[in-house]
Amino acid sequence: MLYLLLCVVFNTLLFFIFKLFNRFEVRTFQAIALNYVVCLLTGAAFDGNDVALMLQHVGEPWTIASWVLGTLFIGSFYLVAVATNRIGVAATSVAMKISLVIPVLFSLLVLQNNAKEYSLLNYVGIGLALVAVVLTSRRKAEGTHFPASRWALVLPMVVFLAAGLGDVIINYANEKLMAPEMAGAFTMFTFTASAVIGVVALLYQAVVQKVKFEGKSLVAGLALGIPNYFSIFFLIKALSAFQNDGAFLYPVNNIGIILLGTVGGILFFGERLSKVNWLGFLLAIVALLLMSYQELREVLF
Numbered sequence: 109m110l111y112l113l114l115c116v117v118f119n120t121l122l123f124f125i126f127k128l129f130n131r132f133e134v135r136t137f138q139a140i141a142l143n144y145v146v147c148l149l150t151g152a153a154f155d156g157n158d159v160a161l162m163l164q165h166v167g168e169p170w171t172i173a174s175w176v177l178g179t180l181f182i183g184s185f186y187l188v189a190v191a192t193n194r195i196g197v198a199a200t201s202v203a204m205k206i207s208l209v210i211p212v213l214f215s216l217l218v219l220q221n222n223a224k225e226y227s228l229l230n231y232v233g234i235g236l237a238l239v240a241v242v243l244t245s246r247r248k249a250e251g252t253h254f255p256a257s258r259w260a261l262v263l264p265m266v267v268f269l270a271a272g273l274g275d276v277i278i279n280y281a282n283e284k285l286m287a288p289e290m291a292g293a294f295t296m297f298t299f300t301a302s303a304v305i306g307v308v309a310l311l312y313q314a315v316v317q318k319v320k321f322e323g324k325s326l327v328a329g330l331a332l333g334i335p336n337y338f339s340i341f342f343l344i345k346a347l348s349a350f351q352n353d354g355a356f357l358y359p360v361n362n363i364g365i366i367l368l369g370t371v372g373g374i375l376f377f378g379e380r381l382s383k384v385n386w387l388g389f390l391l392a393i394v395a396l397l398l399m400s401y402q403e404l405r406e407v408l409f
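Numbering (the numbering used here), first residue to last: 109 to 409.
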């Protein structure tokens with residue numbers, strides 16, 4: 109349970125940091141690219157043995173999966189930025205969060221490795237989690253109107269698939285391709301791929317497009333990179349702790365992020381929730397209880 113809580117905390121920190129990007133007018137792509145370099149340095153400092161494990165296992169199936177995941181990570185970050193500008197923040201965030209249905213179905217139907225026997229209440233909780241995600245993500249229009257076009261259909265679907273596919277790769281690799289002690293090395297490999305692509309893109313921007321590098325992007329990348337590393341590291345650890353039961357972990361993790369993010373947004377950023385958002389918030393709590401009541405019962409009693 110500790111790994112799951114830490115995963116929720118570090119993922120929520122990422123949202124808070126991204127929220128500060130607009131306030132300080134940070135160049136998002138520069139910060140994102142540099143954050144992956146920081147992720148590598150964080151991983152090496154956190155456990156130097158992971159570097160040795162990386163070198164020992166180059167070419168194994170799980171290392172290939174990690175490189176695919178790393179490419180998907182930085183591509184998804186850029187895609188989210190494009191989608192936010194084209195179709196708005198609300199639609200993009202809903203597409204990302206509701207993507208949890210992909211790893212949930214993958215875990216239930218493909219891996220079939222559920223750590224517990226699911227009751228009707230558990231399945232009701234999963235369904236309520238999807239509803240809660242949509243309701244808590246809904247925001248009032250801010251005067252920006254996006255023309256009806258192919259972007260309105262294509263971008264949310266691509267964001268949905270990319271986010272869900274990333275979780276599926278992590279779940280599959282952790283279940284089928286690697287031992288639990290490889291979590292750190294897998295995370296390092298993943299961020300190596302992202303860092304290489306990011307640095308190449310930055311060099312292209314600087315040399316060909318003459319884009320000026322800003323010092324605050326380095327600070328933002330540093331602030332983003334440390335929690336980003338641990339968000340993935342503890343996700344993999346949490347999956348192992350719950351016998352790779354993604355059908356349980358992903359909804360609980362996502363709901364936890366929503367709850368903590370909502371509370372933090374109110375306390376630290378003065379965000380206001382609509383009645384629909386509050387309904388989603390309450391449904392999220394109910395969904396969390398229904399999905400995890402067996403585990404909570406074991407811990408409390």
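Cβ coordinates follow ideal geometry from the N, Cα and C atoms, glycine included.
Euclidean distance between Cα positions of residue i and residue j
i      : j      : result
Phe214 : Lys320 : 43 angstroms
Glu403 : Ser184 : 33 angstroms
Leu216 : Phe356 : 10 angstroms
Ala395 : Leu236 : 5 angstroms
Ile366 : Thr298 : 25 angstroms
Val276 : Gly372 : 28 angstroms
Pro264 : Leu330 : 29 angstroms
Val266 : Ala349 : 31 angstroms
Ala291 : Trp175 : 14 angstroms
Ile140 : Ala309 : 11 angstroms
Met399 : Tyr312 : 47 angstroms
Leu142 : Thr300 : 12 angstroms
Neighbourhood of residue i by C-beta distance below 8 angstroms, restricted to the same chain and skipping five residues each side
i      : result
Val315 : none
Phe129 : Thr136, Ala139, Ala328
Counted within 10 angstroms of its Cβ, other Cβ atoms place residue i as buried (16 or more) or exposed
i      : result
Ser410 : In the structure as shown, the chain begins at 109 and stops at 409. Residue 410 is therefore absent and cannot be evaluated.
Gly167 : exposed
Lys318 : exposed
Val134 : buried
Ala287 : exposed
Ile374 : exposed
Val262 : exposed
Ser227 : exposed
Gly323 : exposed
Ser382 : exposed
Phe376 : exposed
Lys284 : exposed
Leu110 : exposed
Pro359 : buried
Close-in-space but distant-in-sequence residues of the same chain around residue i (CB under 6 angstroms, 5 per side omitted)
i      : result
Val159 : Ala152
Gly364 : Val116
Ile305 : Ile182
Beta-carbon proximity list for residue i, same chain, < 7 angstroms, skipping 5 on both sides
i      : result
Ile334 : Val146, Thr150
Thr244 : Ile366, Thr370, Asn385, Gly388, Phe389, Ala392
Glu250 : A caution first: Glu250 carries a pLDDT of 47, below 50, which makes its placement in the model too unreliable to give a value.
Met162 : Ala293, Met296, Phe297
* Considering only residues of the stretch 275 to 359, which uninterrupted alpha helix (DSSP H) runs meet the minimum length of 4 residues and lie entirely inside it, listed in chain order? -> If we require 4 residues or more, the alpha helix (DSSP H) runs fully inside the stretch 275 to 359 come out as 291 to 315, 323 to 349.
* Asked: In chain order, which beta strand (DSSP E) runs of at least 3 residues are fully inside the stretch 126 to 154?
  -> DSSP runs (the beta strand (DSSP E)) wholly in the stretch 126 to 154: none.
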